[in-house]
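First comes the structure, then the notes that go with it.
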Amino acid sequence: SYAGMSNTVLVQVTEGAITGLIMVIESVEQPENAQWNMTADDQITVKIKATDADGNKWTDINVAWNVEHTLFTDQSVLQEMTYGSTTRFVPLFASESMYTLRSTYTDDNVTLTATIEISVTHGDLAQVTLDEWYEELLVEPEVSENINADENLIFNAILFDANNNPINSSIT
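Add 6 to a position in the sequence shown, counting from 1, and you land on the number used in the numbering used here.
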């Protein structure tokens with residue numbers, strides 16, 4: 007104030023230019039080259055944050071989302087959420103290969119990406135099929151065939167989750 011007069015200056019600081027992207031899963035910022043483990047029964051919601059050169063972070067940005075895999079290329083695992091600040095990954099197929107979830111931000115000056123590798127294993131046991139064999143003959147019996155008390159049948163359990171992903175029968 008000066009000579010009984012006062013004045014106010016309002017300074018508004020906004021974020022700087024985007025220099026990086028951070029994926030957020032379950033409210034936790036994921037580091038670069040992060041890996042996430044889940045089953046084919048699970049789903050995850052992934053959000054994106056932008057950062058500037060001073061470390062400021064904000065969430066109101068839109069990115070293109072896609073999933074990469076050696077065998078499965080169907081983008082429906084993202085529940086039709088392929089552009090925006092959030093996506094949901096809902097895998098159907100377990101795999102020994104990792105899925106890569108990629109977010110890409112593009113403007114006139116820069117293209118930035120963030121990725122996370124996701125391991126998807128089989129879900130909970132949902133179906134058991136028994137395969138039977140005559141132990142002595144090592145052949146599959148006919149459906150209507152009867153065996154006598156001197157013969158043995160070997161039952162082999164074939165296990166699947168709700169998405170028909172095979173489960174190793176050694177767990178039985």
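Here a beta-carbon is modelled for each residue, glycine too, at the ideal position from N, C-alpha and C.
Pairwise C-alpha distance: E102 and E141
The pLDDT assigned to E141 is 49, lower than 50, so where the model puts this residue is not dependable, and the model offers no usable value.
In this structure, does DSSP put V133 in helix, strand or coil?
First, the residue type needs correcting, since residue 133 is Gln and not Val in the sequence shown. Of the three classes helix, strand and coil, the one that applies to Q133 here is strand, per DSSP.
Do I50 and I67 have their C-beta atoms within less than 8 Å of each other?
no
Take V126 as the anchor and find which of A132, N158, T117 and N169 has the nearest alpha-carbon.
N169
My output table needs one value for S12: the three-state DSSP class, helix, strand or coil.
coil
Nearest residue (CA-CA) to Q133, options N174, V17, T110 and S82:
N174
In angstroms, rounded to a whole number, what distance separates the CA positions of N62 and R94?
25 Å
What are the boundary residues of the beta strand (DSSP E) that includes N43?
Q41 to T45
Given H75 as reference, the closest of I122, Y105 and S109 once Cα atoms are compared:
Y105
In the DSSP output, which residue or residues are listed as bridge partners for E35?
V30
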